[in-house]
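Structure first, commentary second.
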Amino acid sequence: MTDTRAAVARPKASDYKSDIPPVWCPGCGDYTVLLSITKAMAQLALAPEETVVVSGIGCSSRIPAYTNCYGFHGVHGRSLALATGVKVARPELTVLVAGGDGDGFSIGGNHFLHACRRNIDLTYIVMDNRVYGMTKGQPSPTTEPDWDSALSPGGTGLRPFHPLVIALASGANFVARCFSGDPNGTTKVLTEAIQHPGFSFVEILSPCVTFRPEQRGWSEVVHPAPVEPTDDAAQAARRIMTDDGFNVGVLYRGDREPYRTARTETPESLADLEEEFAI
Amino acid sequence: MTDTRAAVARPKASDYKSDIPPVWCPGCGDYTVLLSITKAMAQLALAPEETVVVSGIGCSSRIPAYTNCYGFHGVHGRSLALATGVKVARPELTVLVAGGDGDGFSIGGNHFLHACRRNIDLTYIVMDNRVYGMTKGQPSPTTEPDWDSALSPGGTGLRPFHPLVIALASGANFVARCFSGDPNGTTKVLTEAIQHPGFSFVEILSPCVTFRPEQRGWSEVVHPAPVEPTDDAAQAARRIMTDDGFNVGVLYRGDREPYRTARTETPESLADLEEEFAI
Amino acid sequence: MTTATRKAPEPETTGVQARSKISLAISGSGGAGVITAGEMLLSAAAAAGWYGLMTRSTGPQIRGGEAAALLTLAAEPVGLHSAQFDVLIAVDWMNTDRFAAELVLTPESLVIGDSALPDDAPAFAVDSGARRADMPLKEMATEIDGGRINMVAVGCLSALLGIPDDALENAVRAKLKCKGDAAIASSLDCIRSGAEMLPSVLDDAAAAQFRLAPAGQRRDRWLISGNEAAGLGAVRGGVRFAAAYPITPATEVLEWLAPALDRVGGILVQAEDELASINMIIGASYGGVPSITATSGPGLALMIESIGLATSAEVPVVIVDVMRGGPSTGIPTKSEQSDLNIAVYGMHGDAPHIVVAPNSIGDCLFTTQWAVHLAEDMQAPAIVLSDQFLGQAKSVVDPPANVSFITRRITADAPEPGYHRYAVTDGGVSPMAVPGTKGGQYTADGLEHSPRGTPSSRVEDHVAQLAKRRRKIEEFDYGDHWATVDGDGAVAVLTWGSTAEAVRLGADMARQEGIAVKTVNLRLLLPAQPARLEAELSGVDAVVVVEQSEGAQFHHYLRAHYDLPGRVLPLNQPGPLPIQSIDVLNKIREAIQT
Amino acid sequence: MTTATRKAPEPETTGVQARSKISLAISGSGGAGVITAGEMLLSAAAAAGWYGLMTRSTGPQIRGGEAAALLTLAAEPVGLHSAQFDVLIAVDWMNTDRFAAELVLTPESLVIGDSALPDDAPAFAVDSGARRADMPLKEMATEIDGGRINMVAVGCLSALLGIPDDALENAVRAKLKCKGDAAIASSLDCIRSGAEMLPSVLDDAAAAQFRLAPAGQRRDRWLISGNEAAGLGAVRGGVRFAAAYPITPATEVLEWLAPALDRVGGILVQAEDELASINMIIGASYGGVPSITATSGPGLALMIESIGLATSAEVPVVIVDVMRGGPSTGIPTKSEQSDLNIAVYGMHGDAPHIVVAPNSIGDCLFTTQWAVHLAEDMQAPAIVLSDQFLGQAKSVVDPPANVSFITRRITADAPEPGYHRYAVTDGGVSPMAVPGTKGGQYTADGLEHSPRGTPSSRVEDHVAQLAKRRRKIEEFDYGDHWATVDGDGAVAVLTWGSTAEAVRLGADMARQEGIAVKTVNLRLLLPAQPARLEAELSGVDAVVVVEQSEGAQFHHYLRAHYDLPGRVLPLNQPGPLPIQSIDVLNKIREAIQT
Ligand SMILES: Cc1ncc(C[n+]2csc(CCOP(=O)(O)OP(=O)(O)O)c2C)c(N)n1
Ligand SMILES: Cc1ncc(C[n+]2csc(CCOP(=O)(O)OP(=O)(O)O)c2C)c(N)n1
Ligand code: SF4
Ligand code: SF4
Ligand SMILES: [Mg+2]
Ligand SMILES: [Mg+2]
């Protein structure tokens, strides 16, 4: 553990990194995502012991153990459900959820829909590399239709899944797109996402240099979103559906009421409950 | 079996009904949905033996056995995946998928997303009664946030899931809303949906008179969609997001290429395959 | 609760000995209110001091199908209906034939139908030779403004059994409170009409056969279903979080928990599916809050992968499986004990966990509460195998004592630097840091891991972690709760779950025949307790194995984990019909013939 | 395939007897190309007439971690590496210590490192006392334009073993075809350099210890992995539809099937998750097309509910489970036999189905093909339990004969009016109408049903359908394929799956010591075959049970279903290390001491 913060000193990103060396490939985009997350934590001066990072399975999903917070590296596709349990049971904790496009949009698609709808105060970070990295290169829902691979020779022919639009349509309260190669911009967005009430969804374009080396070229094409974020979900969706996919920045800020996690102030006793059974 | 069609006579809806009496509650909206489905089959003169109706579990999901076609009453939430297998393996069959809002949008949500995206030539009919009928009255994803029930006293507080918008955002190729109390209108839409290439999604408002008796009032509020169907998914989505939820009719007709199910014309022999292993 | 004073039932005057137990059925088409009628009678009888049991049987229809309320009332606690029914009252005969298999009548039985309608009594009722005491039920109801046939039936049965009027009236008022005074008044009129008509169709001597003996000293009893009891057991055990996806016949556990948790400061979340519900409770429990979900076979199947996660990440959770007929969607509304295999062996990999089973409606409370404690103590998933019969039956029981277990989740409250979440300890349990605890930060993992929690594929880590996870479960001292053992003899009957009652009764019948029988009813199914069971079975030379599973799952389970002495006689049959005490008796008789 | 004529290896001249078997390892950091090097050596040796086996061991990193290629080359088919390695060449020493457990060296072993770099050889290599023959690997590679160390290693090993130059050159050309001529040329230069350097670091007498005996008459062999073999077996069995969700270590089955199915007129669909993939294959098979999916433990767990559907709705499907370390996410890249429980017992309800297991890399083909036939014959799901070792190892095998099974799915091609899909037949199998068949319309159902298929909760239907579904599975004649039995003796060794090879070798060693041993290797795990096994075990008085599972799942399974004679000696250990023949031998020795 490297928690060396003095009582008054502002924490640094490194204070949020654990001493476990990541097993990612050299050059993987996830390294800078980790950096951005820890920077955002530092900027918000989150207490590591009051922060939980939950993930599924995939290269990207290895991130919890690389932070100095509480973490849960669950099973493939179920991180949002697990995080829902953590947050509803312990509303005072800050809960981040992180993972990949396969984990979140393929096997985890149903939880994504319902987490957006439930609007619990979670921040969901997807490192989108448009591929299943960990299982060595199969198409994910966000993969381009003509990307050739062993499992889908010649490409899937399928229209890519549009996570931002689905998030908006299902009720996410904050929607943004980032690029891992821009840690400062990403940090800024993450800082805002964590603070925004309700369900915040941040898609981070994060190249898989091993199975999608051409994604190194993303740094050439990403650009800031040309318009200001909106609070009109339909408008945001329309914009996103027609943009080039490389607009980065906050795209939508909503003001829906987050899920009620409050407990009754005056719990009754067990004897009160049992009364209903007495004859 | 009641297949009494003469060689030339136009088939009647009753030719598509089996002799198994439905176990639905008297007055349940699903009776007229069954009628509309069989009417559409008759109008299209589908061969019952070339037609398959696949469902999950729920009151609505009992529908396959009430038709005179091939049927599969699978497990809860998986009808679209099962139907995908049927259609891809046997592209020449007409495959309908039917079920409820719980089956399709709660437990089945992920398959819904991916079936829309895959755009296989299926027709998916959801009898939406905004409740879990079969398990005796729990809120479903489409239930109003303030609907009181034993499982969610005082209501879930959750924003209802918007199936039509999600279908559009995920790539369904035909989207319509119907009302079970209007069998003629429903038949017309279904006829078109079945003929439309790719994935067609038809949401039918179908009252649960037992657990949502107030839905009998739907007949007062439904009305034809005031505008013509569009082929612009973003426009269709925007319209649906702002309508009153009781617009019925075809709302979107797309022209995306359906999933490729074609097989190679000239299959190779096993010996050809085995060559790669020879030393 | 009724507060009026009660008139004690009068002792019979005809000289016929009044009965200490009676089984009756009320049948009719759905919507005819037979379930309501049964519930009223049960409440009234309970208030008057009798014990009782009510189960319901319905067709596949949600409404409009056939239905029957099956009741047994008795001076002693009741866990099972008799194999034969003493009284059947048919509000109408619609589809009553569907109940032929569950509703066995004899020439001593009494059948009451509608005398004014064509007699559509099904073959099973006619052929039984049961005495008939038909009356014009429908006409009688029609004569009363707002009258309903089911209420006429209640009056008639209540008079037959000798249930005190005030107890019945209180039960009617309680049940119909929300329907208003007019409904109550007309119901009471119907009841009076039924009661008054009875003597004209059944002479006193005959009627006396069906009269219940006066109830004993009334104590403070509960009227509760197994599903409610499981919910209460969970709350007593400390559960404050539940995740829910409805499924028959488990939904009532969740529906009871929703408001109950809210009242005691907890919360229930409705999940989108069972994959979500199991993960939600893992998350909540990881957060330090004891958590539960309830489901049935198909839902349990969906949870299996993540129960494995709870095993590996060492997170306590409780899953109540209210079993129904299988496989697949099977028979959702009927009982069976065929989820034993999946509960014990369902996980991939070597995944030690806990499986317990209640053996009565009341025991659903104790066993669920115990499961919470075991899960919390051992930081492992515990599966509670209840079943449709226990879960959905309503029973009058003595209020279960609140057993307070002393042990609790072992947490790391002030972790030392270098804290290892999965430290390899002697007992296998490692102190668990709960988020919020400074210095306890770790990442829980379903990948095999080092003691610290870092993913590891090293053989040393795998061997050590597998061993510690097994050790904590297998070396735990489960005390006396592992089984209920009764009697002694060279024949032993082994069972688990809801078949315990048939075994208890069957063994008693055998003892009355002079056969010495021991019964062992396993509450703890996993981990197996070979030393304990083998000690109990020493001296036994024949073992009868009773279970409600076509595939003899329990028998195979016993073979796998225990050395059974002597000959083994399996008595296994699938649902939906319960195993009867007479079947058990016959097997015991068979066992004593070499 | 290479077409050049081959120079037969020269017989050794030093008088030292050449070896008939050698095990070698090439290790280095990820990206150093040790796997490529191993594959080249294997192909070259295979082309020159040797049999061989290659497995790979890697760290958790996708790239950049440590890796090792483990090879055994021999005159006879090879199913397992020796417990000790004869040669280790370390391209660099980065993290080689992580392989300590799998890479056992002895004083007779040879270790080659880089002589020009600081010696970072890990303790396990140094302490073994192995002879060193370091050379300046890196420098040698650097001297060649585009040179790579792994190619130097190949040259050095190839010379050591005596692999003919032309075979090696062909292998290099085939492997590097897509890299272009320059890459090939510089690789060949590296190889030459390695070969030339060898005599300067190892004298002839020492080198002769490692020389392979000339290969026998070369036949047409295959170089194949178990996962490829499973895919081919499926296609041979008639599979024309597959659904896929990737998971280690099963992905290669799917990746092999994707283009293969396309070529033979079938299709593979990538599913969104395993819940979808199992349902897709059920749908496709219902449509009449034999279907398969492949997964590993976590995916199998997710499929369980719907495998139950296939059981109840009687739809043939095949699920290949390539097992890895469990529980939960476990150890994805390592082998274990710990999914036996879930495969045999995983379903809720009583759900008879088929479980088979291949016992060698080549047998993955036969067993998967057999599974397709069994599933189709019995209209039931069949689970094939392969494992990471079998699945991902590449082996030189004799081309498996194409067993054509005669039986096929029994369809209702011209159904009579009143056709009953689930007719209760003597054999339990009911003719299945396939969509498109006029008059055969029915609704397949996972609810319990009448013979026609209509949902039913009647006891008669439940009992009859449960019994028919069991009958068809249990009364089927599985012929000789249920097990592989070898030898005879008072000691029997029982095993299943990939541990068969260690058992075979261990038993041979025991026989050489004069111990009479029988080995029984179950290919058919469900339904159990008690009559057959018990006949095989008559006269046996001690049984050794060998398996790679911490929880002794196989041993418990045997107890549950079979009466094992005499004493039982379990030899069970979890992954990731394989069970070795010496462990088996020791248990056999233990078994003969009373
Ligand atoms: C139930 C289950 N199915 C499949 C897998 C195999 N698996 C592990 S990670 C992964 C996909 C990872 O893709 P993504 O989420 O995009 O993460 P990335 O590696 O690209 O960061 C899959 C299919 C698994 N672990 N569990
Ligand atoms: C895996 C699983 N979980 C839960 C259930 C219980 N179940 C049956 S139907 C149903 C909901 C049905 O709701 P819907 O799809 O809206 O159909 P409706 O009855 O309203 O027509 C549920 C939860 C089940 N059969 N299987
Ligand atoms: S495989 Fe791709 S996603 Fe995974 S660590 Fe390597 S570069 Fe990153
Ligand atoms: S419960 Fe509702 S949905 Fe089900 S049959 Fe009755 S009215 Fe229809
Ligand atoms: Mg990815
Ligand atoms: Mg519904």
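Residue numbers (the working numbering), protein chains in the order written: chain A, 1 to 279; chain B, 280 to 558; chain C, 559 to 1152; chain D, 1153 to 1746. C-beta: ideal position from N, C-alpha, C; glycine also.
Best match in the options for proximity to residue i [C-alpha to C-alpha]
i, options, result
"D/S1602", "C/A576, C/S745 and C/I889", "C/I889"
"C/V712", "C/A732, C/D655 and C/A602", "C/A602"
"D/I1513", "D/A1503, D/L1384 and D/G1389", "D/L1384"
"C/M990", "C/R1010, C/E1006 and C/L1005", "C/R1010"
"D/A1532", "D/A1465, D/Q1169 and D/T1485", "D/A1465"
"D/G1639", "D/M1292, D/G1498 and D/Q1664", "D/Q1664"
"D/I1506", "D/C1516, D/V1524 and D/G1183", "D/V1524"
"D/L1409", "D/L1354, D/G1435 and D/A1381", "D/A1381"
"D/D1372", "B/S315, B/A557 and B/T509", "B/A557"
Spatial distance of residue i from residue j (CA atoms)
i, j, result
"C/Y977", "C/T1057", "47 angstroms"
"D/E1164", "D/S1172", "For D/E1164, the predicted structure reports a pLDDT of 43, less than 50, and the residue's modelled location is therefore unreliable. A value from the coordinates is still provided. If I take the Cα positions, the gap works out to 12 angstroms."
"A/D243", "A/P163", "14 angstroms"
"B/A515", "C/M936", "54 angstroms"
"C/L1083", "C/W1040", "8 angstroms"
Any non-hydrogen atom of ligand 3 within 6 angstroms of residue i CB
i, result
"A/V209", "yes"
"A/G133", "yes"
"A/C28", "yes"
Contact test: residue i Cβ vs ligand 5 heavy atom, cutoff 6 angstroms
i, result
"D/D1425", "no"
"A/G102", "yes"
Heavy atom of ligand 2 within 6 angstroms of residue i beta-carbon
i, result
"C/P722", "no"
"B/H355", "yes"
Any non-hydrogen atom of ligand 6 within 6 angstroms of residue i CB
i, result
"B/N408", "yes"
Residue i CB to nearest heavy atom of ligand 1 below 6 angstroms
i, result
"B/S339", "no"
| said: Tell me which residues of the segment 1104-1130 of chain C have at least one Cβ-Cβ distance to chain D shorter than 8 angstroms, keeping chain order. | reply: S1107, E1108, G1109, Q1111, H1114, Y1115, R1117, A1118 and H1119
| request: Starting from the N-terminal side, write out each stretch of the beta strand (DSSP E) that is 3 residues or longer and does not extend beyond the segment 808-896 of chain C. | output: 825-828, 849-853 and 875-881
| field | Short-range partners of chain E found in the segment 1457-1470 of chain D, where Cβ spacing is below 9 angstroms | value | Here the protein chains are A, B, C and D, and chain E is not one of them.
| What residues from the segment 1211-1233 of chain D come within 9 angstroms of chain A, judged by C-beta to C-beta, listed N to C? | G1211, P1212, Q1213, I1214, R1215, G1216 and G1217
| task | Would you list, in sequence order, the uninterrupted beta strand (DSSP E) runs of no fewer than 3 residues that lie entirely inside the segment 385-427 of chain B? | result | If only complete runs of 3 or more residues are kept, the segment 385-427 of chain B shows the beta strand (DSSP E) at 402-407, in order along the chain.
| task | Pull out every residue of the segment 314-343 of chain B whose Cβ sits closer than 8 angstroms to any Cβ of chain A, in chain order. | result | none
| field | Members of the segment 10-32 of chain A near chain D, C-beta cut-off 8 angstroms | value | So the list reads V23, W24, C25 and P26, given in the order they occur along the chain.
| task | Taking a Cβ distance cut-off of 9 angstroms, strictly less, list which residues of the segment 415-428 of chain B are near chain A, in chain order. | result | P420
| What are the start and end residues of each continuous beta strand (DSSP E) run of 3 or more residues lying completely inside the segment 141-187 of chain A, in chain order? | List check, beta strand (DSSP E) in window: 174-179.
| task | Could you list the residues in the segment 986-1005 of chain C with a C-beta less than 9 angstroms from some C-beta on chain A, going in chain order? | result | A991, V992, P993, G994, T995, K996, G997, G998, Q999, Y1000, T1001, A1002, D1003, G1004 and L1005
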